[in-house]
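In the working numbering, the protein residues as written are 548 to 859.
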């Protein structure tokens, strides 16, 4: 009896060791995959705050929470099973789908650039200072943020899946889930800190002294930071969207445009030997953004042409 119990305990210990090793492996692979997607994560964090700008302070965190929940559902409920299924049944379709998402990002980015250069007349607001349809505006902003997040999240999950392509199905699923949850927490935690930094600055300013001076500095800096992040987020749509299309085209056998941009970036980076790597990245991102702007322009024309045909 005792011998049987000891054997059972040995089996349980062996299973626990295997499980622990598997968890360590998943954690290591998730960290590695997450680092490869760092560029998209930064873009995601830069894009999101602009959807919150302009709302009352008491609505900022609820809006961030709604977008974060939508992002988590994008990754876990839709993209994770979708990526695994497509990777198993039709891996060839993943790249074209990502490229279609890239076109959508370019389209949205182009519209933001167009609106910034030629802003539409502002609508009248009631005496309270809030638009009459503030709830509808909030819902529209949240929906737009979640749509944009879907494309960025798809790129993150695709990069993650590619990094564990040789692992077992369950390891792939576990790594995708870990990366999806972890990146969502990091991105929207950072966004929440950004949009509430002014409130923290006000609280610090009330304490006086050096802390109060720092708080006043934060309050004064935040409008400029938010405006900068809004512009960076707009540009990120273009360079990420353009980059997705260029990289996808190269994967489908049309590598000329991507190679041309890489060559141009490498050539121009030679003029900045002290920061060659950073200069090469900046030039490559700028050229991908210009390409994305052109794609967005063409996409908008195609959308308008389709609308004209439907209404004819």
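Ideal Cβ positions, reconstructed from N, Cα and C, are used throughout, including at glycine.
Test item: CB-CB of residue i and residue j under 8 angstroms
i, j, result
"residue 723", "residue 707", "yes"
"residue 701", "residue 631", "no"
"residue 815", "residue 830", "yes"
"residue 773", "residue 808", "no"
"residue 784", "residue 656", "yes"
"residue 765", "residue 744", "yes"
Cβ shell of residue i (< 8 angstroms), same chain only, five flanking positions each side left out
i, result
"residue 610", "598, 599, 602, 685, 688, 689"
"residue 627", "704, 720, 723, 724, 727"
"residue 754", "762"
Top-ranked residue by Cα proximity to residue i, from the options
i, options, result
"residue 888", "761, 776, 785", "Nothing can be reported for residue 888: it is not among the residues displayed for the chain, which extend from 548 to 859."
"residue 617", "788, 607, 695", "695"
"residue 639", "781, 620, 796", "796"
"residue 839", "737, 725, 782", "782"
"residue 768", "825, 748, 733", "748"
"residue 832", "791, 800, 803", "791"
"residue 843", "637, 653, 649", "653"
"residue 692", "735, 681, 614, 733", "614"
"residue 605", "746, 810, 819", "746"
"residue 658", "845, 854, 683", "845"
Residue i, DSSP secondary structure in three states
i, result
"residue 746", "helix"
"residue 712", "coil"
"residue 568", "Low per-residue confidence applies at residue 568: pLDDT is 46, beneath 50, and the placement is therefore not dependable, though the value from the model is reported in the following sentence. Three-state result, residue 568: helix."
"residue 734", "helix"
"residue 799", "coil"
"residue 689", "helix"
"residue 807", "helix"
"residue 654", "helix"
"residue 817", "coil"
"residue 726", "helix"
"residue 844", "helix"
"residue 602", "coil"
"residue 666", "coil"
"residue 856", "helix"
Neighbourhood of residue i by C-beta distance below 7 angstroms, restricted to the same chain and skipping five residues each side
i, result
"residue 622", "700, 704, 727, 731"
"residue 786", "832, 835, 836, 839"
"residue 651", "698"
Exposed unless 16 or more other CB atoms sit within 10 angstroms - verdict on residue i
i, result
"residue 635", "exposed"
"residue 770", "exposed"
"residue 643", "exposed"
"residue 710", "buried"
"residue 666", "exposed"
"residue 848", "exposed"
"residue 858", "exposed"
"residue 827", "buried"
"residue 817", "exposed"
"residue 800", "exposed"
"residue 646", "buried"
"residue 648", "buried"
Sequence-distant residues of its chain with Cβ nearer than 6 angstroms to residue i (five each side left out)
i, result
"residue 568", "Its pLDDT being 46, under 50, residue 568 is placed unreliably by the model, and the measurement read from it follows with that caveat. Counting only Cβ-Cβ distances below 6 angstroms, and skipping sequence neighbours, we find nothing."
"residue 619", "731"
"residue 641", "633"
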